[in-house]
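Protein chains in written order, with this note's numbering: chain D, 7 to 278; chain L, 552 to 900; chain C, 12 to 275.
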Amino acid sequence: MARVSGSYSGVPRWVMILAAVGAAFVLLPLVAMVLRVNWAEFVPLITSESSVAALLLSLRTSLAATALCVIFGVPMALVLARTDFWGQKVLRSLVLLPLVLPPVVGGIALLYTFGRRGLLGQTFEVLGVDIAFSTTAVVIAQTFVALPFLVLSLEGALRTVGTRYEVIGATLGASPTTVLRRITLPLVLPAVLSGAVLSFARALGEFGATLTFAGSLQGTTRTLPLEIYLQRETDPDTAVALSLVLVVVAVLIVTVAHRTGRAADPRAGAAS
Amino acid sequence: MSFSVDLHVIDRDVHLQLQVAPGETVAVLGPNGAGKSTLLNAIAGLIRPDSGRCELGGSILFDLPERGTATWRPPHQRGVALLAQEALLFPHLTVLENVAFGPRSAGIPASQARETAAGWLREVDAEALAHRKPAELSGGQAQRVAVARALAAHPGLLLLDEPMAALDVSVAPVLRRMLRRVLTDRSAVIVTHDVLDAYTLADRVVLVEGGRIVDEGTPAEVFDRPRSAFAAGLAGLNLITGIRRGDTLVVDEPAAALALTDWSTIVEGAPTSLAIRPSAVTVSLEKPVAADRLAVQAKMIDLEPRGDFVRVRSALLSADVSPQEAAHLDAMVGSAVWFSFDPRSATVY
Amino acid sequence: MIRATSLIAAAGLLTVALAGCASATPAASTPSATASAAALAGDITVFAAASLKSTFTDLAESFEAENPGTTVALNFAGSSDLVTQIVAGAPADVFASADSKNMTKLTDAALNQGDPVDFATNVLEIAVPPGNPANIADFADLAGADVKLVICAPEVPCGSATAAVATAAGVTLTPVSEESSVTDVLGKVTSGEADAGLVYVTDVTAAGDAVEGIDFAESGEAVNTYPIVALKDAASADVAAAFVDYVTGSAGADVLQAAGFGAP
Numbered sequence: 007m008a009r010v011s012g013s014y015s016g017v018p019r020w021v022m023i024l025a026a027v028g029a030a031f032v033l034l035p036l037v038a039m040v041l042r043v044n045w046a047e048f049v050p051l052i053t054s055e056s057s058v059a060a061l062l063l064s065l066r067t068s069l070a071a072t073a074l075c076v077i078f079g080v081p082m083a084l085v086l087a088r089t090d091f092w093g094q095k096v097l098r099s100l101v102l103l104p105l106v107l108p109p110v111v112g113g114i115a116l117l118y119t120f121g122r123r124g125l126l127g128q129t130f131e132v133l134g135v136d137i138a139f140s141t142t143a144v145v146i147a148q149t150f151v152a153l154p155f156l157v158l159s160l161e162g163a164l165r166t167v168g169t170r171y172e173v174i175g176a177t178l179g180a181s182p183t184t185v186l187r188r189i190t191l192p193l194v195l196p197a198v199l200s201g202a203v204l205s206f207a208r209a210l211g212e213f214g215a216t217l218t219f220a221g222s223l224q225g226t227t228r229t230l231p232l233e234i235y236l237q238r239e240t241d242p243d244t245a246v247a248l249s250l251v252l253v254v255v256a257v258l259i260v261t262v263a264h265r266t267g268r269a270a271d272p273r274a275g276a277a278s
Numbered sequence: 552m553s554f555s556v557d558l559h560v561i562d563r564d565v566h567l568q569l570q571v572a573p574g575e576t577v578a579v580l581g582p583n584g585a586g587k588s589t590l591l592n593a594i595a596g597l598i599r600p601d602s603g604r605c606e607l608g609g610s611i612l613f614d615l616p617e618r619g620t621a622t623w624r625p626p627h628q629r630g631v632a633l634l635a636q637e638a639l640l641f642p643h644l645t646v647l648e649n650v651a652f653g654p655r656s657a658g659i660p661a662s663q664a665r666e667t668a669a670g671w672l673r674e675v676d677a678e679a680l681a682h683r684k685p686a687e688l689s690g691g692q693a694q695r696v697a698v699a700r701a702l703a704a705h706p707g708l709l710l711l712d713e714p715m716a717a718l719d720v721s722v723a724p725v726l727r728r729m730l731r732r733v734l735t736d737r738s739a740v741i742v743t744h745d746v747l748d749a750y751t752l753a754d755r756v757v758l759v760e761g762g763r764i765v766d767e768g769t770p771a772e773v774f775d776r777p778r779s780a781f782a783a784g785l786a787g788l789n790l791i792t793g794i795r796r797g798d799t800l801v802v803d804e805p806a807a808a809l810a811l812t813d814w815s816t817i818v819e820g821a822p823t824s825l826a827i828r829p830s831a832v833t834v835s836l837e838k839p840v841a842a843d844r845l846a847v848q849a850k851m852i853d854l855e856p857r858g859d860f861v862r863v864r865s866a867l868l869s870a871d872v873s874p875q876e877a878a879h880l881d882a883m884v885g886s887a888v889w890f891s892f893d894p895r896s897a898t899v900y
Numbered sequence: 012m013i014r015a016t017s018l019i020a021a022a023g024l025l026t027v028a029l030a031g032c033a034s035a036t037p038a039a040s041t042p043s044a045t046a047s048a049a050a051l052a053g054d055i056t057v058f059a060a061a062s063l064k065s066t067f068t069d070l071a072e073s074f075e076a077e078n079p080g081t082t083v084a085l086n087f088a089g090s091s092d093l094v095t096q097i098v099a100g101a102p103a104d105v106f107a108s109a110d111s112k113n114m115t116k117l118t119d120a121a122l123n124q125g126d127p128v129d130f131a132t133n134v135l136e137i138a139v140p141p142g143n144p145a146n147i148a149d150f151a152d153l154a155g156a157d158v159k160l161v162i163c164a165p166e167v168p169c170g171s172a173t174a175a176v177a178t179a180a181g182v183t184l185t186p187v188s189e190e191s192s193v194t195d196v197l198g199k200v201t202s203g204e205a206d207a208g209l210v211y212v213t214d215v216t217a218a219g220d221a222v223e224g225i226d227f228a229e230s231g232e233a234v235n236t237y238p239i240v241a242l243k244d245a246a247s248a249d250v251a252a253a254f255v256d257y258v259t260g261s262a263g264a265d266v267l268q269a270a271g272f273g274a275p
């Protein structure tokens, strides 16, 4: 969208100042961290075996977790936005619980569910599936904390778009699945994408639940945040270097997805 | 396909029945809140009445008896297409894809559906717009595409909800002509406020007031001889109702007596209506002397400017006068003036 | 470079701040036995390794009881976290570390007042859930194929001890998880997720019925020595020194050994 320079924005000056302070609050720690990086040793530090293992594991698990968030989050958002049943408000609050729960508490809860002595633990053991200490556990922990982001983002968009187009589609003979596939989802695609990006970022940075539920073993469960946590005991330089890698990866993903989301906006007409 | 509906919605106090013969277009008119939208939404399957029954071409769209098992077909299985005031074209699809939506949802392969769509776009004179996006279209263009989209879905019944209401006055006639063409052999129900739509498009007119049907018939029947103040208003006619007493039409409210000569089939004591165009009524301060004019005195309520004429209103009659005359009359608002007209230009029934 | 300047500035600021809280004390900097003459008064903050939690809490209470007019505030965390904080200027008066390596970081930064004194030792012990579901009998059993073993990561003190013990025993361990703190290892055992874990003797004692402990011969190969030292720029230097003496003295020894620590 072309912005006409010099046009009136109407934002009070004191608001700009507060915004600047807020931005500085977020950016200065990043700057401080970047200044501490041992640039001479940077490349060897981040290409060490443990670092690479941690980064690849983080990317793999976060992508898997994001996929799960989309698979389960989209239906959840649809049900919350489009249907009306008794207890819906309560259900919505519960579904958003992982947002406020301390991740470690989330990890403990997952342990009580999927662990050996957990609610479903016996069932899994009978099936021969071992969840604790596995990469699966990492993905479960990440999905648990990241799911609300997608649901929240998408539910809002669904409510905004409204049901008018879906109703017309139905009268034209489209079954509910066809309406979902050809009308609803294309119209909320930007929200799905931005929700997925948020989920991915959250999954990438997940620490507390992973530590408590999945354990920490190089290549299997030691994601990048866990690796940083460990390295800071003995090698702060590595810890800082890896932290920078994490930040860069997150920024890249968010930027790329933001661009894709913009391009995918179905309501972009020739006029805008 | 033939169509019938009978529905009862309690909390909106709507109780309507309607039949549409194959190929017939029925216009439904009524004041706001009369129940017209309820009717269309129930037929389309978007709201569920408390009881009723609806059938289209032999298949039951819904059957909700007071007691017993209920049948309810979801909207996408009814073969009823709905056209609203806003075109509501899918913003993320091109015009062609929009029109092809119905056929594709029916399982027709994409390429064939697109051909059908192109055909319908030709039918509504919107061929050139095929590859544009809805955001690029004007209101009138969008509405035309919406018509093509509804028809391409091959509906058994077409429902139109005030399709011209959101369009510019200059654009509406084009759409009306197009609709007249495509509705020729199609079963359709059109809800409208515009009598011109009824005259142009409808084979039959149904008037709905307070959730009930108050009048039915051909446009000429309903509007040339209006049976209610609302109908008369729609038709732009004055309506005086009273009882025949001898050769006089006696009106109760407001009290008046009109001497008429041509009573045709109306018997003594029967309720009688007299309809006359406001443009055929003249206003004067003195009682007119011409013998062939019928004159009544009534208190002037107000003057309403209406473009190049002014409507003079009273409790009994309205007359259309020129602005100059209106200027003369302005000072006399509230006092009695004489409304006169030639009885031969009135319809008595 | 940046570190030293900010450190001094921070320490300076904090000292000034704390000076307001602390009451005036005699400028004596020689550690002397607490039992004698002038009543001690002042507040100190003790940074101690997490494994010292219950013992130091008891010691702090009894110290305060014996020396009314003093308060001992305690801060427990991983030794390396504590050192990092102290070096960055955190207001500590006494530091008790779980190993010599972290104490060395402190002395390298020249933040100690006097030399560190070893006051306890700790060795590893195998911890298993009650009932010993995997039937662990000795160290070699830990390397069993189906055993879910959890240990400390080599980067932390208990982890390096584990590595030393494993080498001495000639056993290659294949854990399912390498935790960053011994507390997490213990947690995995108490929750039943792990079949066995390598923790400190003191952890097993503290866990009570939640775990069963299995001693093993090779534990002597990796003895963790715990040093304690008072810090320079302590607000109440004599109280700090007194507390260090308390811990290294007989009162401290009794409490520590009751908890399972070895003599220094």
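Beta carbons: idealized from backbone N, C-alpha and C, even for Gly.
Neighbouring residues, chain C, relative to residue i (Cβ below 8 Å)
i, result
"L223 of chain D", "P186, V187, S188, E189"
Interface residues of chain D facing residue i [CB-CB closer than 9 Å]
i, result
"P714 of chain L", "Here the premise fails: no neighbours, minimum Cβ distance about 14 Å."
Residue i to residue j span [Cα, whole Å]
i, j, result
"L854 of chain L", "R776 of chain L", "26 Å"
"P822 of chain L", "E648 of chain L", "57 Å"
"A28 of chain C", "A253 of chain C", "Low per-residue confidence applies at A28 of chain C: pLDDT is 48, beneath 50, and the placement is therefore not dependable enough to give any value."
"A39 of chain C", "K64 of chain C", "Unreliable positioning characterises A39 of chain C in this predicted model, as indicated by a pLDDT of 44, which lies under 50. The coordinate reading is nonetheless provided below. Each residue's Cα considered, the two are about 30 Å apart."
"R665 of chain L", "G653 of chain L", "10 Å"
"T288 of chain D", "I114 of chain D", "Coverage of chain D is limited to positions 7 through 278, which leaves residue 288 of chain D absent and any answer about it impossible."
"P282 of chain D", "L248 of chain D", "The structure shown does not extend to residue 282 of chain D, since chain D is modelled only from 7 through 278, so no value can be given for it."
"T56 of chain C", "T216 of chain C", "26 Å"
"R66 of chain D", "I259 of chain D", "14 Å"
"V255 of chain D", "A73 of chain D", "18 Å"
"A246 of chain C", "T229 of chain D", "42 Å"
"A579 of chain L", "I741 of chain L", "Checking the displayed sequence, the identity of residue 579 of chain L turns out to be Val instead of Ala. Distance between the alpha carbons of V579 of chain L and I741 of chain L: 6 Å."
"R739 of chain L", "M883 of chain L", "Residue identity check: residue 739 of chain L is Ala in the sequence provided, not Arg. If I take the Cα positions, the gap works out to 49 Å."
"I594 of chain L", "V556 of chain L", "8 Å"
"A846 of chain L", "T169 of chain D", "58 Å"
Under 7 Å by beta carbon: chain D residues contacting residue i
i, result
"V631 of chain L", "T177"
Residue i in three-state terms, based on DSSP
i, result
"Y237 of chain C", "strand"
"F613 of chain L", "strand"
"S779 of chain L", "coil"
"T45 of chain C", "Its pLDDT being 47, under 50, T45 of chain C is placed unreliably in this model, and the value from its coordinates should be taken loosely. In the structure shown, T45 of chain C sits in coil (DSSP, three-state: anything other than H, G, I, E or B)."
"L633 of chain L", "strand"
"G53 of chain C", "strand"
"I137 of chain D", "coil"
"H627 of chain L", "helix"
"P770 of chain L", "helix"
"S68 of chain D", "helix"
"V818 of chain L", "coil"
Cut-off 6 Å between Cβ atoms - residues of its own chain near residue i, not counting five sequence neighbours on either side
i, result
"Q224 of chain D", "S56, A59"
"L612 of chain L", "C605, R624, R629"
"L63 of chain D", "T229"
"R563 of chain L", "T589"
Listed by chain order, chain C residues near residue i by CB distance under 7 Å
i, result
"Y14 of chain D", "Here the premise fails: no neighbours, minimum Cβ distance about 44 Å."
Same chain only: Cβ atoms within 8 Å of residue i, ignoring 5 sequence neighbours per side
i, result
"V646 of chain L", "L640, L672, A677, L680, A681, H682, R683, K684, P685, L688, V696"
"F272 of chain C", "T66, A131, T132, N133, V212, T213, Y237"
Chain D residues whose Cβ lies nearer than 8 Å to that of residue i
i, result
"K199 of chain C", "G221"
Within chain B, the residues that residue i reaches when beta carbons sit closer than 7 Å
i, result
"H627 of chain L", "The structure shown contains no chain B; its protein chains are D, L and C."
Same chain, Cβ closer than 7 Å to residue i, five either side skipped, listed in chain order
i, result
"T41 of chain C", "Residue placement at T41 of chain C cannot be trusted, given a pLDDT of 45 that sits under 50; the coordinates are not used to answer."
Within chain C, the residues that residue i reaches when beta carbons sit closer than 9 Å
i, result
"G121 of chain D", "S202, G203, E204"
Requested in this report: Check whether the stretch 152-164 of chain C touches the stretch 178-192 of chain C, taking contact to mean three or more Cβ pairs, one atom from each stretch, closer than 8 Å.
Outcome: Contact between the stretch 152-164 of chain C and the stretch 178-192 of chain C is present, with at least three C-beta pairs closer than 8 Å.
Report task. Please confirm if the stretch 198-218 of chain D is in contact with the stretch 19-34 of chain D, defined as three or more CB-CB distances below 8 Å between the two stretches. Result -> Using a Cβ-Cβ distance cut-off of 8 Å, the stretch 198-218 of chain D and the stretch 19-34 of chain D are not in contact, since fewer than three pairs of beta carbons, one from each stretch, lie closer than that value.
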